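Peer 1:
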């Protein structure tokens, strides 16, 4: 039977008993499988396999069209030019490339990052920048220095699954605020913050992906940006602006970043993972001076220093290659795939609705009434198509009526084929719903292609 | 006046008031410099600049002989061979090198890591290995999944400064246990664990650097290893074996790792930073199955995945180059430097005492009675020599009568010159002590070389 468990870690809830005193052998037996079960920290009991993680394995199978992952398409990169540049780098500066570096990150790269950010109207100083191991580490460090268990983080509904995982790891409570086609709704934000203040809750951060939102595909309009900043400032809430996709708009110029409108109230996260390549794991955070000092200390505790080899490879790429021309190529490539995606949705899934993103990697699809993206997923994978169910993007269990479809990695042909397969699954689910009044069965009939033993 | 602040972060103690409720603008004014002072997490108030961090800046100045840092000496590496191999790697496997990878780490590299560990008699499976961003990240992840605030970690006295920083960041209480020339003293460990159990303390980990200890330079004898494991097992304490230097012994074969004697009770940390190069930031942890699953989840939350570019560069190095021959070269290089160090100590500082390490990077020097390595450091830097005061290696303020001297990076000539300068400082301190009964003055006379404006 084709079944893909998206939550395959058998992790007890936070209510699991924790013995006090030293963890004597007799107390180790919380589960048969794990002699150290009783020794974990409280936060560990909240760690669960992310849906995206389990899906990476599926996405790698060639017969499955993955509309699930956020992997950029790298075939178009000038690999030989990059390889030659790195060879020269290691030959000429090898003892620096291979050595420990500064905890804050390479100064030359930080200067280049400042130039990259000018494209989104950010006026920063290299001293304000902390280089991180992907912007995921920046999320981890920001959460680490600000969040005590029970603190509130306000985030869009839906919000990035990787950020929600970090927030959960630090035992934050996430409160979602609605979005519409112009992004986060200022009035809803203000209402939520007023309500939380009345409840005596301690709100630390507003987490937002303002451009080509992951997963929703929308952007915060230019008009709303200062409104949101004003509301956050009034409530004493720091804005965490996560912007991996800002330069990947399909039309016109990038919108000014929220950081460009407020130096003191915004922590800005950037990344080379989508505009160049994720394999070096280089991202960054821009922070007000005092916060930046704390972030450097936290990063040194976490990893001592970011990789010189990675940082100098990125720096060399920015110097050697036409990186802005490459981003232009990426924008055209992804626009073509976006068009393939929304064209296929209109053709095969007219009974659903979806956002039409003006950039980035994702569209956010609302299923026909009564269908559940999470329970449908095993059948989808059996039909050789994968996506991320909407529930991954909520901290509160909502989102089952949505799915995230990515158009970044597969070719337009594969995207169309994937949506066609998905339509077969959705239509089959709708039939079940019509006949039985539910799509959920203990042992659903396996009436499609055999998924093979390693999907069983 | 030459002064090097080793603790230049003006961080309030954990007792600093934390406002409740949302952090309204009026409450932001904890310090003038930091509008977000009131918003930090409790753990952040314990973050301090490590002594090693502040010293990195000093160590880079060419006129200072740094006996402080733990940077390996990389001049001997075959940089052109490495550069050519990486060029081929990026040309032929670029879209993998530059892409996201698995959270646990590249499978091929994990197989090679298993082979590396066989040199220390470890029989592990690639599934047991989690690749990390240097072994510092492994320390962070282990502490993250096991330590609640107030939990106890038992560690050698002294212990690695970078580990103590992680433990402090997770609000662990470190209890030190004495060592002697054969490493951690089993009887003292047992006594400490009995006492802590009687006090109702929750002891989670025994942290140890068994080989060529940082900073103490000693190794745990073969005879003591099973004794320590038995004591830890009896008390239900997981052993965290941190082993970056195990292959860098100057005489004979490596001792079997503690992990080779106990699969379930030991978490083993390894690193390529000292046996190859730290610039890629590749380390690893070997853990029992259930713990390994938690570590992968924690690492995905922290960084999504380790760098493919770094991992595949290391993997290529192991395949392309004679890495065991390179380690042999490093051993000879560092033995020569160790000899220079202990020779110079005998010549210039006979009134001190020191360990004679049989491998690794460090010797641990006890100053003559009454001298204080921490208060002496600014005068040492003014005399163009740097070291790490012993206090960095204790969680409880002890260690002022010791200093760590590293012999890994400077040439033998520079080591001898550094120790000669150090002797001048020590003798000057001893004179002050004889004449005034103290070496501590509010405004000590600056009667040596001017340190230049950026050391002022």
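Protein chains in written order, with the numbering used here: chain A, 45 to 500; chain C, 45 to 500.
Even glycine gets a Cβ: it sits at the ideal position worked out from N, Cα and C.
Bear in mind that the values here come from a model prediction, so they are computed numbers and not experimental data.
Listed from N- to C-terminal order along the chain, which residues in the segment 163-188 of chain A have their beta-carbon within a distance smaller than 8 Å of any beta-carbon of chain C?
Peer 2: Going along the segment 163-188 of chain A in chain order, one finds 177, 178, 180, 181, 184, 188 with a Cβ nearer than 8 Å to chain C.
Peer 1: Using the Cα positions of residue 343(C) and residue 350(C), report the straight-line distance between them to the nearest angstrom.
Peer 2: Between residue 343(C) and residue 350(C), the C-alpha separation is close to 8 Å.
Peer 1: Quick check: is the beta carbon of residue 376(C) nearer than 8 Å to any beta carbon in chain A?
Peer 2: By this cut-off, residue 376(C) is not an interface position.
Peer 1: Would a C-beta distance cut-off of 8 Å place residue 352(C) and residue 145(C) closer than the cut-off?
Peer 2: Cβ atoms of residue 352(C) and residue 145(C): closer than 8 Å.
Peer 1: Are any of the Cβ atoms in chain A nearer than 8 Å to that of residue 438(C)?
Peer 2: False, the Cβ-Cβ gap to chain A never drops below 8 Å.
Peer 1: At a cut-off of 7 Å, is residue 193(A) close to the ligand GTP when judged by its beta-carbon and the heavy atoms of the ligand?
Peer 2: For the structure depicted, the ligand GTP is absent and the ligand set is empty, with no information on it obtainable.
Peer 1: Between residue 353(C) and chain A, is the shortest Cβ-Cβ distance under 8 Å, so that the two count as touching?
Peer 2: Answer yes: the Cβ-Cβ gap between residue 353(C) and chain A drops below 8 Å somewhere.
Peer 1: Mapping the DSSP letters down to three states, classify residue 318(C) as helix, strand or coil.
Peer 2: Here residue 318(C) sits in coil by DSSP.
Peer 1: Along chain C, in chain order, which residues have C-beta atoms closer than 7 Å to that of residue 88(A)?
Peer 2: Residues of chain C passing the Cβ test: 189, 338.
Peer 1: If you draw a straight line from the alpha carbon of residue 233(A) to that of residue 332(A), how long is it in whole angstroms?
Peer 2: Residue 233(A) and residue 332(A): Cα-Cα distance of roughly 23 Å.
Peer 1: Pick helix, strand or coil for residue 482(C), following the three-state DSSP scheme.
Peer 2: Correct three-state label for residue 482(C): coil.
Peer 1: Less than 8 Å between CB atoms is the rule here; does residue 321(A) satisfy it with respect to chain C?
Peer 2: Closer than 8 Å: yes.
Peer 1: Let me confirm a value: residue 448(A) is counted as buried when at least 16 other C-beta atoms fall within 10 Å, else exposed. Which label applies?
Peer 2: The residue is buried, with at least 16 neighbouring Cβ atoms inside 10 Å.
Peer 1: Going by alpha carbons, who is nearest to residue 324(A) out of 345(A), 86(A), 181(A)?
Peer 2: Out of 345(A), 86(A), 181(A), 181(A) has the C-alpha closest to the C-alpha of residue 324(A).
Peer 1: Along the alpha helix (DSSP H) that carries residue 422(C), what are the first and last residues, could you check?
Peer 2: From DSSP, the alpha helix (DSSP H) with residue 422(C) extends over 417-426.
Peer 1: At 4 residues or longer, what runs of the alpha helix (DSSP H) sit wholly inside the segment 100-141 of chain A?
Peer 2: If we require 4 residues or more, the alpha helix (DSSP H) runs fully inside the segment 100-141 of chain A come out as 123-141.
Peer 1: Given that a residue counts as buried once 16 or more other Cβ atoms are within 10 Å of its Cβ, and exposed if not, what is residue 280(C)?
Peer 2: Label assigned to residue 280(C): buried.
Peer 1: Does the beta-carbon distance from residue 441(C) to residue 454(C) come in below 8 Å?
Peer 2: Their beta carbons are not under 8 Å apart, which means residue 441(C) does not touch residue 454(C) by this criterion.
Peer 1: Looking at residue 141(C): is its Cβ nearer than 8 Å to the Cβ of residue 154(C)?
Peer 2: Not in contact: residue 141(C) and residue 154(C) (Cβ atoms no closer than 8 Å).
Peer 1: In chain order, what residues of the same chain have a beta carbon less than 6 Å from the beta carbon of residue 286(C), not counting five sequence neighbours either side?
Peer 2: Closer than 6 Å at the Cβ level, and outside the excluded window around residue 286(C), lie 253, 313.
Peer 1: I believe residue 284(A) touches residue 255(A) by the beta-carbon criterion, under 8 Å. Please report the beta-carbon distance rounded to the nearest angstrom.
Peer 2: No, residue 284(A) and residue 255(A) are not in contact; Cβ-Cβ is about 14 Å, not under 8 Å.
Peer 1: For residue 506(A), decide whether its Cβ has a neighbour in chain C, counting only Cβ atoms nearer than 8 Å.
Peer 2: This structure cannot speak to residue 506(A), because chain A is shown only from 45 to 500.
Peer 1: Could you check where the alpha helix (DSSP H) with residue 251(A) kicks off and where it finishes?
Peer 2: Looking at the DSSP string, residue 251(A) is not in any alpha helix (DSSP H); the run it does join, the beta strand (DSSP E), is 247-252.
Peer 1: If you run the structure through DSSP and keep just helix, strand and coil, what is residue 403(A)?
Peer 2: In this structure, residue 403(A) counts as strand in the three-state DSSP scheme.
Peer 1: Output, in chain order, the set of chain C residues within a Cβ distance shorter than 8 Å of residue 467(A).
Peer 2: None at all; the shortest Cβ gap to chain C is about 28 Å.
Peer 1: Could you tell me which chain A residues have their CB closer than 9 Å to the CB of residue 225(C), listed as they occur along the chain?
Peer 2: Residues of chain A passing the Cβ test: none, with the nearest at roughly 29 Å.
Peer 1: Mind listing the chain C neighbours of residue 408(A)? Cutoff is C-beta to C-beta under 8 Å, in chain order.
Peer 2: What residue 408(A) touches in chain C: nothing, since even the nearest Cβ is about 21 Å away.
Peer 1: Counting contacts by CB-CB distance shorter than 8 Å, is residue 444(A) in contact with chain C?
Peer 2: For residue 444(A), the answer is no, since every Cβ of chain C falls outside 8 Å of its Cβ.
Peer 1: Suppose you measure from the CA of residue 91(A) to the CA of residue 221(C); what does that come to, to the nearest Å?
Peer 2: Each residue's alpha carbon lies about 33 Å from the other.
Peer 1: Shorter than 8 Å from the beta carbon of residue 151(C) to some beta carbon of chain A?
Peer 2: Closer than 8 Å: no.
Peer 1: Measure the C-alpha to C-alpha separation of residue 345(A) and residue 391(A) and round it to an integer number of angstroms.
Peer 2: Going by the C-alpha atoms only, they are around 52 Å apart.
Peer 1: Is the Cβ of residue 509(A) closer than 8 Å to any Cβ of chain C?
Peer 2: Given a span of 45 to 500 for chain A in the structure shown, any question on residue 509(A) remains unanswerable.
Peer 1: Tell me, which residues are paired with residue 205(C) by DSSP?
Peer 2: DSSP output for residue 205(C) lists no bridge partner at all.
Peer 1: Check each candidate in 310(C), 235(C), 112(C) and name the one with the smallest Cα separation from residue 166(C).
Peer 2: When each option's Cα is compared against that of residue 166(C), the closest is 310(C).
Peer 1: Let me know if residue 119(A) comes out buried or exposed under the rule of 16 or more other beta-carbons within 10 Å of its beta-carbon.
Peer 2: So residue 119(A) ends up on the exposed side.
Peer 1: Can you tell which of 355(C), 303(C), 267(C), 464(C) has the C-alpha that lies nearest to the C-alpha of residue 394(C)?
Peer 2: Here the closest residue by C-alpha is 464(C).
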